[in-house]
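Those protein sequence lines, which keep their order, are chains A and B.
Numbered per the working numbering, the first sequence spans residues 107 to 224.
Numbered per the working numbering, the second sequence spans residues 6 to 116.
Glycine is no exception: its CB is placed at the ideal position from the N, C-alpha and C atoms.
What follows is one structure encoded as structure tokens, with my remarks underneath.
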Amino acid sequence: GAVVSQHPSWVICKSGTSVKIECRSLDFQATTMFWYRQFPKQSLMLMATSNEGSKATYEQGVEKDKFLINHASLTLSTLTVTSAHPEDSSFYICSASYLYSTSNEKLFFGSGTQLSVL
Amino acid sequence: DAKTTQPTSMDCAEGRAANLPCNHSTISGNEYVYWYRQIHSQGPQYIIHGLKNNETNEMASLIITEDRKSSTLILPHATLRDTAVYYCIVRGKDSNYQLIWGAGTKLIIKP
Chain A
107 GAVVSQHPSW VICKSGTSVK IECRSLDFQA TTMFWYRQFP KQSLMLMATS NEGSKATYEQ
167 GVEKDKFLIN HASLTLSTLT VTSAHPEDSS FYICSASYLY STSNEKLFFG SGTQLSVL
Chain B
6 DAKTTQPTSM DCAEGRAANL PCNHSTISGN EYVYWYRQIH SQGPQYIIHG LKNNETNEMA
66 SLIITEDRKS STLILPHATL RDTAVYYCIV RGKDSNYQLI WGAGTKLIIK P
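This is how it looks when you write it as structure tokens:
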């Protein structure tokens, strides 16, 4: 199957600093990427949908100025958590859309990034 | 809100078939049923998906009822490494192709 690489796997940062998470589709071009957040023992929550070359669409309640998303190419999307605070500590996951045909699409996921803000 | 309901947890003996049910009674005609699983602290892994017909791949089989209101994921010979949370999701044009994640089923494979 297609591979999505997400880095870093984990990061610890001080409160007030910014953290960038990268998501790359290694062997396919992804026109659409998604960013999720997952708190312990909870399901994934969609944060935003990112389309190459355009602004991301954020879900209700997600601050676009705090969670900056850049999808500059068909193989790379980045999520920057700006001025991180302890409540931003979470598991962040990206996924990339791969279109096999007009009606057959799959999403492949990165391995996730555990963010801990001290 | 998630459009699927699944049991919270299930146990299965190693080597036996694991059958995971999912109800999706409000599924619309152009929505697919997708199954993913998530092993602790990892990203979700795609398992299988289908629209109307039953599907099989190297990982699992997907049985969809004729009315499409429910489905069952079958892991034919469960191993300890199949212990994970399994998510059943419906996705299609009506939901803007978004994946709305429910709570999933925690499947525990026992030796």
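Range covered by the beta strand (DSSP E) that runs through residue i
i, result
"N176 (chain A)", "F173 to S179"
"D16 (chain B)", "S14 to A18"
"K74 (chain B)", "Taken as a continuous stretch (DSSP letters only), K74 (chain B) belongs to no beta strand (DSSP E), as it is neither H nor E."
"T219 (chain A)", "T219 to V223"
"H54 (chain B)", "Q50 to G55"
"K170 (chain A)", "Segment: none, K170 (chain A) is in no beta strand (DSSP E) and carries neither H nor E."
"E26 (chain B)", "The residue you asked about is not Glu; residue 26 (chain B) is Pro in the sequence shown. Run containing P26 (chain B): A23 to N28, per the beta strand (DSSP E) assignment."
"Q43 (chain B)", "E36 to Q43"
"L185 (chain A)", "L182 to V187"
"L85 (chain B)", "Element bounds for L85 (chain B): n/a, residue is neither H nor E."
Neighbour list for residue i in chain B, Cβ cutoff strictly below 8 Å
i, result
"I199 (chain A)", "G48 and P49"
"L182 (chain A)", "The premise fails here: L182 (chain A) is roughly 17 Å from chain B at the closest Cβ pair, so nothing lies under 8 Å."
"S195 (chain A)", "What S195 (chain A) touches in chain B: nothing, since even the nearest Cβ is about 14 Å away."
Residues that residue i contacts on chain B, provided the C-beta gap is smaller than 7 Å
i, result
"K161 (chain A)", "Those do not exist, as K161 (chain A) stays about 16 Å from chain B at its closest Cβ, beyond 7 Å."
"S149 (chain A)", "W106, G107, A108 and G109"
Test: residue i CB closer than 8 Å to a CB of chain A
i, result
"W106 (chain B)", "yes"
"G34 (chain B)", "no"
Any C-beta of chain B under 8 Å from that of residue i
i, result
"Q166 (chain A)", "no"
"Q112 (chain A)", "yes"
"F215 (chain A)", "yes"
"G122 (chain A)", "no"
Chain-ordered neighbours of residue i on chain A, where CB pairs are closer than 8 Å
i, result
"G55 (chain B)", "The premise fails here: G55 (chain B) is roughly 11 Å from chain A at the closest Cβ pair, so nothing lies under 8 Å."
"G20 (chain B)", "Ordered by position in chain A, no residue passes the 8 Å Cβ test against G20 (chain B), which lies about 25 Å from the chain."
Under 9 Å by beta carbon: chain B residues contacting residue i
i, result
"L152 (chain A)", "Q103, L104, I105 and W106"
"S156 (chain A)", "Correct list: empty, because the minimum Cβ distance to chain B is about 13 Å."
Interface flag, residue i vs chain D, CB-CB below 8 Å
i, result
"K212 (chain A)", "Among the chains of the structure shown, chain D does not appear; the protein chains present are A and B."
beta-carbon residue i near the ligand FAD non-hydrogen atom, thresh 7 Å
i, result
"F214 (chain A)", "Ligands displayed in this structure: none; no statement on the ligand FAD is therefore possible."
> Between the stretch 110 to 130 of chain A and the stretch 13 to 25 of chain B, are three or more C-beta pairs nearer than 8 Å?
Replying inline: no
> On the three-pair Cβ rule with 8 Å, is the stretch 30 to 37 of chain B touching the stretch 58 to 65 of chain B?
Replying inline: no
>> Ignoring anything shorter than 3 residues, give me the beta strand (DSSP E) runs that lie fully in the stretch 114 to 152 of chain A, in order along the chain.
In response: Entirely contained in the stretch 114 to 152 of chain A, the beta strand (DSSP E) runs reaching 3 residues are, in chain order, 116 to 119, 125 to 131 and 138 to 144.
>> Is it the case that the stretch 184 to 199 of chain A contacts the stretch 131 to 138 of chain A, given that we only count it when at least three CB pairs across the two stretches are under 8 Å?
In response: Inter-segment contact for the stretch 131 to 138 of chain A and the stretch 184 to 199 of chain A is absent: fewer than three beta-carbon pairs are separated by less than 8 Å.
> Are three or more beta carbon pairs between the stretch 114 to 126 of chain A and the stretch 79 to 97 of chain B nearer than 8 Å?
Replying inline: no
> Using 8 Å as the Cβ pair cut-off and three pairs as the minimum, do the stretch 107 to 120 of chain A and the stretch 161 to 181 of chain A touch?
Replying inline: no
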